[in-house]
Amino acid sequence: MSFLIFFFYFLAIISAICMVIVINPINAVLFLISVFFNTSMIFILLNVDFMGLLFLMIYVGAIAVLFLFIVMMLNIKKIEKDNSFYLTVGSFILLFYFLQFFFIFFYDSLVYLPRVFNIDLNSYFFSNFHFLDESMRFMLIKKMGFLLYYEYFFFLIFAALTLFAAMLGAIYLTNEKQGYSMRHQYQQLSRNHYIINTIVY
């Protein structure tokens, strides 16, 4: 388990360095998401599951939504080209993160892989995988969920409605309205330049 912790430490440091040195802001955002993702994996390995999930839900989710709004506000031209290279790279990245989750949650069973054909299966997983011990690790999350959705549900719904209203406002402001006067700075500057030249001559 310590090897996995140091492995995610190394990935987080490399992602942070790449986030600082890259020029493209899109790549910088992706490396920042990788930093938060590896940090959440470290928290989960240290049995601080709630903080790990909090990193994933708040930081990664908020950055992803912010990145989506930025893409919506930018006028990006659609370029028709072959996307097979990007699909291949994205598939490898997705497989890499899936293997990270797999090694974290099933590490105890993977230690016995040389004997995988000799052990018996129970209703959960391998016989050396103790489901009760693993479920006890998530009792803190269960308690926090009970408090959040039972005791403080009003604040949760209010926060959700506030974020939903902000999202609708951002979408409404970014859409181009028809029938309203808009600023065309290039045409206005060109018109003023033409008027000035006419008066001078």
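Position 69, counted from 1, in the sequence shown is what the UniProt record's numbering calls 69; the numbers after and before it change by one each time, with no gaps. Built from N, CA and C at the ideal position, the CB exists for glycine as well. Note that this is a predicted model, so its numbers are computed, not measured.
**Message:** Closer than 8 Å is the cut-off here; do at least three beta carbon pairs connect the segment 2-19 with the segment 29-43?
**Reply:** yes
**Prompt:** If you draw a straight line from the alpha carbon of Phe153 to that of Ser40, how long is it in whole angstroms?
**Reply:** As a position in the sequence shown, residue 153 is number 153, starting the count at 1. As a position in the sequence shown, residue 40 is number 40, starting the count at 1. Cα-Cα distance, rounded: 26 Å.
**Request:** Drop a sphere of 10 angstroms on the beta-carbon of Gly61, count the other beta-carbons inside from all chains shown, and report buried for 16 or more, exposed for fewer.
**Result:** Start at 1 with the first residue of the sequence shown, and residue 61 comes out as number 61. Its Cβ having fewer than 16 others within 10 Å, Gly61 is exposed.
**Request:** Indicate the three-state DSSP secondary structure (helix, strand or coil) for Val20 in the structure shown.
**Result:** Residue numbering aside, residue 20 sits at position 20 when the sequence shown is read from its first letter. Three-state DSSP puts Val20 in a helix.
**Prompt:** Under the three-state reduction of DSSP, which class applies to Val35: helix, strand or coil?
**Reply:** On the sequence shown, position 35 is the one that residue 35 refers to. Three-state DSSP puts Val35 in a helix.
**Request:** Could you name the residues of the same chain whose beta carbon sits closer than 7 Å to that of Phe69, not counting the 5 residues immediately before and after it, in chain order?
**Result:** For this step, residue 69 is matched to residue 69 along the sequence shown. Same-chain partners within the cutoff: Ala170.
**Distance between Ile63 and Thr162 (C-alpha atoms, nearest Å)** = On the sequence shown, position 162 is the one that residue 162 refers to. On the sequence shown, position 63 is the one that residue 63 refers to. Going from the Cα of Thr162 to the Cα of Ile63 covers about 18 Å.
**Request:** Please report the Cβ distance between Leu53 and Ile141, rounded to the nearest whole angstrom; I am assuming they are in contact, meaning their Cβ atoms lie under 8 Å.
**Result:** Translated into positions along the sequence shown, residue 53 becomes position 53. Translated into positions along the sequence shown, residue 141 becomes position 141. Confirmed, about 7 Å.
**Prompt:** Leaving out five residues before and five after Phe31 in sequence, what residues of the same chain have Cβ atoms less than 6 Å from its Cβ?
**Reply:** Along the sequence shown, read from residue 1 onward, the residue named residue 31 stands at position 31. Counting only Cβ-Cβ distances below 6 Å, and skipping sequence neighbours, we find Ser15, Cys18, Met19.
**Item:** Backbone CA spacing between Asn24 and Phe67 [nearest angstrom]
**Value:** To locate residue 24, count along the sequence shown from 1; it is residue 24. To locate residue 67, count along the sequence shown from 1; it is residue 67. Looking at the two C-alpha atoms, the distance is approximately 13 Å.
**Request:** Pick helix, strand or coil for residue 203, following the three-state DSSP scheme.
**Result:** Nothing can be reported for residue 203, as the shown portion of the chain is limited to 1 through 201.
**Straight-line Cα distance separating Phe98 from Ile42** = Within the sequence shown, the letter at position 42 stands for residue 42. Within the sequence shown, the letter at position 98 stands for residue 98. Answer to the nearest angstrom: the Cα atoms are 15 Å apart.
**Prompt:** Cα-Cα, which of Leu45, Thr88, Val22 is closest to Phe7?
**Reply:** The residue you call residue 7 lines up with position 7 of the sequence shown. The option with the nearest alpha carbon to Phe7 is Leu45.
**Prompt:** Phe125 by DSSP, collapsed to three states: which one?
**Reply:** Counting from 1 along the sequence shown, the entry for residue 125 is found at position 125. Model confidence at Phe125 stands at a pLDDT of 43, short of 50, so the residue's coordinates are unreliable and nothing is read from them.
**Secondary structure of Asn27, DSSP reduced to three states** = Indexing the sequence shown from 1 puts residue 27 at position 27. Helix, per DSSP.
**Request:** Counting only the same chain and skipping the five closest in sequence on each side, list residues whose C-beta sits under 7 Å from that of Ala28.
**Result:** The residue you call residue 28 lines up with position 28 of the sequence shown. Around Ala28: Met19, Val22.
**Prompt:** Among residues of its own chain, excluding the 5 on either side of Met51, which ones have a beta-carbon nearer than 6 Å to its beta-carbon?
**Reply:** By 1-based counting over the sequence shown, the position of residue 51 is 51. Cβ within range, chain order: Phe43.
**Request:** Tell me whether the beta-carbon of Leu148 lies closer than 7 Å to the beta-carbon of Leu156.
**Result:** For the purposes of this step, residue 148 is identified with residue 148 of the sequence shown, where counting begins at 1. For the purposes of this step, residue 156 is identified with residue 156 of the sequence shown, where counting begins at 1. Contact: yes.
**Start-to-end residues for the alpha helix (DSSP H) that takes in Leu173** = Walking along the sequence shown from the start, residue 173 turns up at place 173. Unbroken alpha helix (DSSP H) run through Leu173: 153-174.
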